[in-house]
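**Student:** Everything in the sequence shown is counted per UniProt numbering, starting at 1 for the first residue and increasing by one.
Where is the CB? At the ideal position from N, CA and C, for every residue including glycine.
Please read through the structure below; I'll follow up with questions.
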Amino acid sequence: MSLHDTADDAEPRGPRGIQSIEVGGQLLLALAHHGRPLPLKDLAREAGMVPAKAHPYLVSFQKVGLVAQDAGSGHYGLGPLALQMGLIGLQQYDPLRLATPLIEELAEALGLTVALAMWGNRGPTIVRVAEAATPVHVTMRHGTVMSLRDTASGRLFAALLPPERLREALGAGLDELATDAPFQQALSEIRAGQPARAEGDAVPGIHALAVPVFDSLGRLVLGLTVVGPGAAIDLGPQGAVARRMQQAAQALSQQLGWRGSA
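As structure tokens, then:
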């Protein structure tokens with residue numbers, strides 16, 4: 001055995017794949033990235049290959065239903081099998097299951113308490129809490145219903161849920177909030193893309209910031225909320241905490257099939 005053989009044997013080897021599938025997969029990735037049918041030359045360019053090389057892959061993908069070609073324009077788009085696989089994949093994603101380890105990571109990284117809220121029959125409800133190393137002693141535990149007016153989680157849902165969903169839980173109370181000018185201004189800022197914020201409104205000296213998690217249809221499914229002492233949280237929309245929370249929420253939303261942007 002030569003030194004060369006020994007060095008090769010010492011190198012870690014991953015599972016052996018089929019290169020042609022990996023190459024052809026770049027065409028599927030390009031279609032998924034653009035979200036619309038593309039002509040052959042554009043699709044090939046996006047996948048990093050010449051049209052003559054891309055075409056045989058597309059023919060095979062059409063035969064199994066991964067790609068479909070429009071009869072009129074000749075453009076290539078995702079086929080029925082790809083769509084079925086996408087729907088099945090989305091059904092397998094549970095927002096809470098995906099988000100639970102995420103809030104543990106955020107709590108450790110930020111040194112702040114991070115929670116998940118979902119809309120319940122009485123309003124925004126805390127369903128998971130990840131405590132910071134030095135926990136914040138506020139009423140935020142599993143099952144807590146957050147104030148729509150005075151908490152970041154509540155304002156997030158008030159801004160982004162359809163009015164009929166809000167009325168189911170609040171009834172006539174929704175009309176009272178409609179005349180609260182500062183509250184409505186806060187909702188307008190959230191709808192414009194800013195995080196929901198609460199600066200000591202519920203508990204003096206305690207600040208909170210909440211960002212939305214969307215599903216594949218653009219519906220609000222979770223509120224990702226960070227809570228801590230006022231001195232520890234910069235509530236500015238461009239602050240480090242806001243940026244970290246928004247990045248996490250967007251990544252989680254994309255896992256759930258959302259195709260929007262921050």
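(1) Expressed to the nearest angstrom, what Euclidean distance is found between the alpha-carbon atoms of residue 276 and Ile206?
(2) Locate the beta strand (DSSP E) running through Pro39, then write down its first and last residues.
(3) Using the Cβ count rule (16 or more neighbours within 10 Å means buried), how would you classify Ile190?
(4) Check Met100 in the structure and name its three-state DSSP category.
(5) Residues in the same chain with beta-carbon distance under 8 Å from Ala47, minus the five sequence neighbours each way, listed in chain order, please.
(6) How many angstroms separate the CA atom of Gly111 from the CA atom of Val226?
(7) Check Leu252 in the structure and name its three-state DSSP category.
(8) Quick one, which of Phe61, His34 and Thr100 has its alpha-carbon nearest Ile21's?
(9) Can you find the residues in the same chain that come closer than 7 Å, C-beta to C-beta, to Leu102, ignoring five residues on each side of it along the sequence?
(10) Does the segment 70 to 81 come close enough to the segment 109 to 128 to have 3 or more Cβ pairs within less than 8 Å?
(11) Please report the straight-line C-alpha distance between Val241 and Gly228, rounded to a whole angstrom.
(12) Would you tell me roughly how many angstroms separate the C-alpha atoms of Thr100 and Gln254, rounded to the nearest one?
(13) Which value, in whole angstroms, describes the spacing of the CA atoms of Val213 and Leu220?
(14) Looking only at its own chain, which residues have a Cβ that is under 7 Å from the Cβ of Ala133, when we skip the five neighbours before and after it?
(15) Counting only the same chain and skipping the five closest in sequence on each side, list residues whose C-beta sits under 6 Å from that of Tyr57.
(16) List, from N- to C-terminal side, the alpha helix (DSSP H) runs of 4 residues or more that fit wholly inside the segment 152 to 188.
(17) Does the Cβ of Ala181 have 16 or more other Cβ atoms within 10 Å, making it buried, or fewer, making it exposed?
**Tutor:** The short version:
(1) The shown model of the chain, from 1 to 262, leaves out residue 276, and the question about it has no answer.
(2) Pro39 -> no beta strand (DSSP E), and no H or E assigned at all.
(3) buried
(4) One point to set straight first is that residue 100 is Thr, not Met, in the sequence displayed. In the structure shown, Thr100 sits in a helix (DSSP, three-state: H, G or I).
(5) Gln26, Leu27, Leu29, Ala30 and Ala54
(6) 10 Å
(7) helix
(8) Phe61
(9) Ala248 and Leu252
(10) no
(11) 11 Å
(12) 16 Å
(13) 6 Å
(14) Gly111
(15) Gly24 and Leu27
(16) 152 to 160, 163 to 170 and 173 to 178
(17) exposed
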